[in-house]
Amino acid sequence: MCRAGCSINRVACPPGKPHRFVMIWRRFRVIGLGQRMLTQPPIRLRLTALFLMLLMSAAHAAPVPQQVDIPLSSGILHAQLYKPEGEGPFPAVIALHGCGGLGGRSDTVLPRYRDWAERLLKAGNAVLLPDSYGSRELGPQCRVKEMHVKARRERVSDIAASRAWLMKQSWVARDRVSLIGWANGASALLWAVRPQSAARDLGPDFRAAVAFYPDCRISAGLGWSTRVPTLVLIGADDDVSSPPACRQMVDGARGRSALARIVVYPGADHDFDRANTPLHAAAGGTDAEARAESQKDVAEWLAR
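Here the UniProt record's numbering is used: position 282 in the sequence shown is 282, and no number is missing along the way.
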């Protein structure tokens with residue numbers, strides 16, 4: 001090939017410019033490559049297209065959380081952190097997993113929580129997901145005989161530790177830290193926002209709280225109230241948690257509590273906000289309308 005300062009067939013190439021023969025040769029080479037691509041077998045063309053799609057999707061890859069270790073009086077609380085780019089300060093949300101745990105065999109964060117974390121991150125929030133079970137080397141806590149971590153005890157302590165850790169981060173807007181929880185995590189949230197909760201300290205309090213289908217039966221019987229604006233979201237057909245108990249709990253708090261509101265989605269079951277989950281799989285399932293409405297309700301509540 002002719003380059004600046006070289007020659008081909010003893011014809012000198014002007015410095016800095018390829019010989020005309022070389023330019024023609026390059027043009028035919030490009031045409032030949034294009035022709036060979038057009039004559040490739042269909043399977044090879046499909047593989048090439050798939051490869052290009054993978055390259056394009058990599059440029060828009062989902063955000064990857066980082067693990068952080070939070071000190072507890074009895075050990076270390078592992079958590080996954082989704083943080084916006086930049087120095088902040090950012091509003092932050094502590095997200096509390098249900099009785100199945102935060103992650104799975106192949107997922108650090110299960111799809112339901114990852115979906116919400118990415119949604120909250122896109123809205124400008126940092127999202128901290130403490131792993132209450134994995135940190136204690138425990139699996140799911142959905143059956144009575146499995147329950148070694150109590151919502152009103154260890155999980156409330158985890159909430160307090162997570163909040164204390166966030167208060168020390170320079171990129172956190174300390175007066176805009178909120179809570180969101182699902183099922184068992186939502187039940188822990190109800191304990192954490194009570195006026196007498198151990199999760200309270202002298203710093204700025206939680207900005208808001210959102211509880212997805214908590215078990216309200218104990219709280220309703222104890223005369224629950226909240227010091228933090230709290231939104232309860234539950235499906236009318238939830239046969240795991242109790243919509244009537246949640247309504248009784250919220251109605252009973254009026255007049256002696258911070259703002260508490262309940263939204264009951266008609267026809268929705270337990271786990272209605274999960275994406276692509278068949279109804280009645282694991283005692284619940286996706287309700288597209290309730291899922292969309294809850295996303296709107298959560299965004300508006302946290303933006304208060």
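Even for Gly, the Cβ is constructed at its ideal location relative to N, Cα and C.
The structure displayed is predicted, hence computed values, not measured ones.
In the three-state scheme derived from DSSP, where H, G and I count as helix and E and B as strand, Leu179 is classed as strand.
In this structure, DSSP gives Val240 a state outside helix and strand, which the three-state scheme calls coil.
For Trp182 against Val156, the beta-carbon gap comes to about 16 Å, at or over 8 Å, which does not count as contact. The straight-line gap separating the alpha-carbon atoms of Arg256 and Phe272 is approximately 31 Å. In the three-state reduction of the DSSP assignment, Leu302 falls in the helix class.
Asp158 sits away from Arg207, with the two beta carbons spaced by 8 Å or more.
Within the segment 242-272, complete alpha helix (DSSP H) segments of at least 4 residues are found at 243-253, given in chain order. Taking the CA atoms as reference points, Arg143 sits about 22 Å from Thr286. In this structure, Arg227 keeps its C-beta atom at 8 Å or more from the C-beta atom of Ala260.
Straight-line measurement puts the Cα of Ala123 at about 32 Å from the Cα of Pro244.
Between Leu128 and Leu166, the C-beta gap is smaller than 8 Å, which places the two residues in contact. In the three-state reduction of the DSSP assignment, Leu102 falls in the coil class, being assigned neither a helical nor a strand state. Glu289 and Ser74 have their C-alpha atoms spaced approximately 43 Å apart.
Annotation: the continuous alpha helix (DSSP H) that includes Pro111 extends over Pro111 to Lys122.
Leaving aside the five residues that flank Val109 on each side, the residues in its chain whose CB is nearer than 8 Å to its CB run, in chain order, Pro65, Gln80, Leu102, Gly103, Ala117 and Leu129.
DSSP places Val156 in the uninterrupted alpha helix (DSSP H) bounded by Glu154 to Met167. Note on geometry: alpha-carbon atoms of Val298 and Arg112 lie some 15 Å from one another. For Ala126, the CB contacts under 6 Å within the same chain, skipping 5 residues up- and downstream, are Lys83, Phe90 and Ala92 in chain order. Secondary structure of Arg136 (DSSP, three-state): helix. Put simply, of Ala211, Ala173 and Ile234 the residue whose alpha carbon is nearest the alpha carbon of Pro204 is Ala173. Assigned with DSSP and collapsed to three states, Ala95 falls in strand.
Residue nearest to Leu222 within the set Arg152, Ala275, Arg291 and Glu300 is Arg152 (criterion: CA-CA distance).
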